[in-house]
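>
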Amino acid sequence: MRIVETELLVVGGGVAGAYAALTARSYGADVVLACKTPVTGGSTRWAQGGIAAPLAVGDEDAHALDTLKAGRGLCEPEAVQAFVRDARSHVETLRDLGVTFSAHVTLEGGHSRARIRHTGDSTGHSISRALAGALQAGRGAALNVLEGAFVRNLRVSGGAVVGADLLTPDGPVRVRAGAVLLATGGFGRLYPVTTAPPEGTGDGLGLAWQAGAALRDLEFVQFHPTAVVRGGEAFLVTEAARGEGGRLLNARGERFMERYDPAHELAPRDVVARAIAAEIAATGRVDLDLRHLGAAFLRSRFPTVTASLAPLGLDLGADLIPVQPAAHYTMGGVQTDVQGRTGVPGLYAAGEVASSGLHGANRLASNSLSEGLVFGARAARAALAVLKPVPARTEALPAPLVDPACLPALRSLVAGAAGLRRDGEALRAALDAWAWPTTATESRESLEAGHLALIGERVLRAALAREESRGGHHRTDFPGEAAGAVHSVQSRALGDTVARVPVGAAVPAVLGSSA
566 MRIVETELLV
576 VGGGVAGAYA
586 ALTARSYGAD
596 VVLACKTPVT
606 GGSTRWAQGG
616 IAAPLAVGDE
626 DAHALDTLKA
636 GRGLCEPEAV
646 QAFVRDARSH
656 VETLRDLGVT
666 FSAHVTLEGG
676 HSRARIRHTG
686 DSTGHSISRA
696 LAGALQAGRG
706 AALNVLEGAF
716 VRNLRVSGGA
726 VVGADLLTPD
736 GPVRVRAGAV
746 LLATGGFGRL
756 YPVTTAPPEG
766 TGDGLGLAWQ
776 AGAALRDLEF
786 VQFHPTAVVR
796 GGEAFLVTEA
806 ARGEGGRLLN
816 ARGERFMERY
826 DPAHELAPRD
836 VVARAIAAEI
846 AATGRVDLDL
856 RHLGAAFLRS
866 RFPTVTASLA
876 PLGLDLGADL
886 IPVQPAAHYT
896 MGGVQTDVQG
906 RTGVPGLYAA
916 GEVASSGLHG
926 ANRLASNSLS
936 EGLVFGARAA
946 RAALAVLKPV
956 PARTEALPAP
966 LVDPACLPAL
976 RSLVAGAAGL
986 RRDGEALRAA
996 LDAWAWPTTA
1006 TESRESLEAG
1016 HLALIGERVL
1026 RAALAREESR
1036 GGHHRTDFPG
1046 EAAGAVHSVQ
1056 SRALGDTVAR
1066 VPVGAAVPAV
1076 LGSSA
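With the sequence shown counted from 1, adding 565 to any position gets you this note's numbering.
(1) To the nearest whole angstrom, what separates the beta carbons of Ile845 and Leu813, a pair I think is in contact under 8 Å?
(2) Quick check on the DSSP output: what are the complete alpha helix (DSSP H) runs of length 4 or more inside the segment 761 to 831, in order along the chain?
(3) Is the segment 695 to 710 close to the segment 890 to 901, with three or more CB pairs under 8 Å?
(4) Can you tell me whether DSSP reads Gly623 as helix, strand or coil?
(5) Mind pulling the beta strand (DSSP E) runs of 3 or more residues that sit fully within the segment 830 to 866?
(6) Under a three-way DSSP split, which group does Arg993 fall into?
(7) In three-state DSSP terms, what is Asp730?
(8) Please return the same chain residues whose Cβ sits closer than 6 Å to the Cβ of Ser722, not counting the five positions on each side in sequence.
(9) Mapping the DSSP letters down to three states, classify Arg1009 as helix, strand or coil.
(10) Smallest Cα separation from Gly771: which of Phe821, Ala799, Val899?
(11) Hey, how far is the Cα of Leu863 from the Cα of Gly674?
(12) What first and last residue would you give for the alpha helix (DSSP H) that runs through Val870?
(13) Cutting at 8 Å between CB atoms, please list the residues of its own chain near Gly685, excluding the five before and the five after it.
(14) Let me confirm a value: Asp997 is counted as buried when at least 16 other C-beta atoms fall within 10 Å, else exposed. Which label applies?
(15) Measure the Cβ-Cβ separation of Asp968 and Ser1008 and say whether it is below 8 Å.
(16) Which residue's Cα is closest to the Cα of Pro910: Gly638, Leu938, Gly582, Ala725?
(17) How about Glu1013 and Gly897: do their beta carbons lie closer than 8 Å?
(18) Going by DSSP in three states, Ser920 sits in which element: helix, strand or coil?
(19) Nearest to Glu804 by CA position, among Gly922, Thr759, Leu672, Pro887, is which residue?
(20) Rounded to whole angstroms, what's the CA-CA distance from Pro762 to Pro954? Just pull it up for me.
(21) Comparing C-alpha positions only, which one of Gly1021, Ala1005, Ala982 sits nearest to Asp1042?
(22) Which residues in the same chain as Ser1079 place their Cβ atom closer than 6 Å to its Cβ, once the five residues preceding and following it in sequence are excluded?
(23) Please classify Tyr592: is it buried, with 16 or more other beta-carbons within 10 angstroms of its beta-carbon, or exposed?
(24) Span of the beta strand (DSSP E) holding Arg1065?
(25) Please give me, in chain order, every unbroken run of the alpha helix (DSSP H) with length at least 4 that falls completely inside the segment 648 to 709.
(26) Please classify Gly751 as buried or exposed, where buried requires at least 16 neighbouring CB atoms within 10 angstroms.
(27) Are the Cβ atoms of Asp782 and Ser1053 separated by less than 8 Å?
(28) By the three-class DSSP mapping on this structure, what secondary structure does Thr749 have?
(29) Taking Thr766 and His1016 to be in contact with their CB atoms under 8 Å, please state how far apart those CB atoms are, rounded to whole angstroms.
(30) Please classify Gln701 as buried or exposed, where buried requires at least 16 other C-beta atoms within 10 Å of its C-beta.
(31) Once DSSP output is grouped into helix, strand and coil, what is the label at Gln1055?
(32) Figure out for me which residue from Val656, Asp661, Ala627 has the closest Cα to the Cα of Val645.
(33) Whole angstroms is fine: what's the gap from Glu936's alpha carbon to Gly925's?
(34) Pick from Arg817, Ala816, Gly808: whose alpha carbon is nearest that of His829?
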């Protein structure tokens, strides 16, 4: 096994991981960046809508208020304030790295004013390409980028995380690191119909769980309202299409959103997604109508969507586009503070894998890319501030292996019990049936299946424990919001108990105990 030593191991090459690695290098640190895909892949690449940040100092309070409103009482105020203070400067850094944003700033659902910067409908791809270019320019002895590398397990010593074992195309690699920063994305592939990339299998959450970190608010899954689904594959139609004036029509040709929210098509995503699902159930289908915006404008504004729908025989300028909700983003994740600290020494998390406190019960549109910048940079700086030498003897944490052949059944069970609408009876039945075959064969596929099985059970338990409807979590048997907003927190130390933690509480030591 090849041994690599570094000060900081960053796992994940999306916006949070790539930017964290670049931040650490700007402080002179030695960095290893390990990614399952090329650094231009992952969820960041497919982000169509744009990147949200305050337009000017005077917009910070408004952006914070919009974020808090969308989060339905579960945002951590400290995280929101840190985000709106930092986001604009990091977006300007992207300009310095070569991202050419359009002069046209747009509006998306839940925002009180237009503040979404974009590069047409390929903003994520543009950002990925710029970050990859910066990483390529800095590659060398002090910045080692391992593409196609999969973390099979973390390594610990004395309760602190001090590295990881990787599966790579060139054979196994052991990384000895002063700290590990997880930026692995979410767990959208827990659902059968999702806009998440194939690698969105919850790996970082599974690794953090084994290390003793707390997982927070896993029941809050965001379903994008407007996906075109064909053959089990979801093709995203960006929220910006509604921001530009797209209308939602039911099978009777009625524009129905006024019955669900005064913001109509620009209501928060959880509201729009449930409204579309209700109208599909009542009338048979829902279409997105953009025809009145003009074919030439649509082709220039949404070239990526235009290209993705063309093979399906759909034309934005000429056709009604049949849409339905699809699992899109996971608000819950590894609990962190505003510096990306998990409570486990040596372990940090940023981006979609983390529950930073920014999103609460429902992510505000286009806050995710800028979150990756803000908290990726913060986590990198925090990790470098307390680096310690790696001891000679370290211990590998367990890596659960599940037969990947069970994944279709597992995903179906989760979607049926913890989809857009949930109820106690279905959640209890899913937990009673939660038993999946293990395997002795170690591979990326069996490790990913192990992570999905672990996280799936935690999602079901969190959803069952939350007896209310709030944001992305809707219980038909508890349709109203409960008095007082609390987080749901789980950890190995708690077993099957789901703790209720008030908003504003620090990362509890008992929940961040070592393995």
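Just so you know, even glycine gets a beta-carbon here, dropped at the ideal spot from N, CA and C.
Taking the coordinates as given:
(1) If you number the sequence shown from 1, residue 845 lands on position 280. If you number the sequence shown from 1, residue 813 lands on position 248. With a Cβ gap of about 11 Å, Ile845 and Leu813 do not count as contacting.
(2) 768 to 776, 805 to 808
(3) no
(4) Walking along the sequence shown from the start, residue 623 turns up at place 58. Gly623: helix per DSSP, three-state reduction.
(5) 851 to 854
(6) By one-based count along the sequence shown, residue 993 stands at place 428. Residue state, collapsed to three classes: helix.
(7) As a working note, residue 730 is residue 165 in the sequence shown. Correct three-state label for Asp730: strand.
(8) Taking the sequence shown and counting its residues from 1, one reaches residue 722 at position 157. Once the five neighbours on either side are set aside, the close Cβ partners of Ser722 are Pro956, Thr959.
(9) Mapped onto the sequence shown, residue 1009 falls at position 444. Residue state, collapsed to three classes: helix.
(10) Along the sequence shown, read from residue 1 onward, the residue named residue 771 stands at position 206. That would be Val899, whose Cα lies nearest to the Cα of Gly771.
(11) Position 298 of the sequence shown, counted from the first residue, corresponds to residue 863. Position 109 of the sequence shown, counted from the first residue, corresponds to residue 674. Straight-line Cα distance between these residues: approximately 19 Å.
(12) Here residue 870 refers to the residue found at position 305 when the sequence shown is read from its first residue. That run of the alpha helix (DSSP H) goes 868 to 874.
(13) One-based indexing of the sequence shown puts residue 685 at position 120. Within the same chain, Gly685 has close Cβ partners Ser667, Ser865, Arg866, Phe867, Pro868, Thr869.
(14) Counting from one through the sequence shown, the residue named residue 997 turns up at place 432. With fewer than 16 Cβ atoms within 10 Å of its Cβ, Asp997 is classed as exposed.
(15) Taking the first residue of the sequence shown as 1, we reach residue 968 at position 403. Taking the first residue of the sequence shown as 1, we reach residue 1008 at position 443. No, the Cβ-Cβ distance between Asp968 and Ser1008 is not below 8 Å.
(16) The sequence position of residue 910 within the sequence shown is 345, counting from 1. Selected option, being the one with the closest Cα: Ala725.
(17) If you number the sequence shown from 1, residue 1013 lands on position 448. If you number the sequence shown from 1, residue 897 lands on position 332. No.
(18) Along the sequence shown, one-based indexing puts residue 920 at 355. Note: Ser920 maps to strand in three-state DSSP.
(19) Numbered from its first residue, the sequence shown carries residue 804 at position 239. The residue with the shortest Cα to Cα distance from Glu804 is Leu672.
(20) The count along the sequence shown starts at 1 and reaches residue 762 at position 197. The count along the sequence shown starts at 1 and reaches residue 954 at position 389. Each residue's alpha carbon lies about 36 Å from the other.
(21) Locating residue 1042 in the sequence shown gives position 477, where the first residue counts as 1. That would be Ala982, whose Cα lies nearest to the Cα of Asp1042.
(22) Locating residue 1079 in the sequence shown gives position 514, where the first residue counts as 1. Any reading at Ser1079 is ruled out, since the residue's pLDDT is 34, under 50, leaving its predicted position unreliable.
(23) Counting from 1 along the sequence shown, the entry for residue 592 is found at position 27. Burial call: exposed.
(24) Sequence index remark: in the sequence shown, residue 1065 carries index 500 (1-based). Here the beta strand (DSSP E) through Arg1065 covers 1064 to 1067.
(25) 688 to 703
(26) Looking up residue 751 in the sequence shown gives position 186. It is buried - the Cβ of Gly751 has at least 16 other Cβ atoms within 10 Å.
(27) Numbered from its first residue, the sequence shown carries residue 782 at position 217. Numbered from its first residue, the sequence shown carries residue 1053 at position 488. Going by C-beta atoms, Asp782 is nearer than 8 Å to Ser1053.
(28) Working through the sequence shown from its first residue, we reach residue 749 at position 184. In this structure, Thr749 counts as coil in the three-state DSSP scheme.
(29) One-based indexing of the sequence shown puts residue 766 at position 201. One-based indexing of the sequence shown puts residue 1016 at position 451. With 8 Å as the limit, Thr766 and His1016 qualify as a contact, their Cβ atoms being about 6 Å apart.
(30) Translated into positions along the sequence shown, residue 701 becomes position 136. That one is exposed.
(31) As a working note, residue 1055 is residue 490 in the sequence shown. Looking at Gln1055 - three-state DSSP - the assignment turns out to be strand.
(32) Counting from 1 along the sequence shown, the entry for residue 645 is found at position 80. Closest by alpha carbon: Ala627.
(33) Against the sequence shown, residue 936 aligns to sequence position 371. Against the sequence shown, residue 925 aligns to sequence position 360. Distance between the alpha carbons of Glu936 and Gly925 is about 13 Å.
(34) In the sequence shown, counting from the first residue as 1, residue 829 sits at position 264. Answer by Cα proximity: Gly808.
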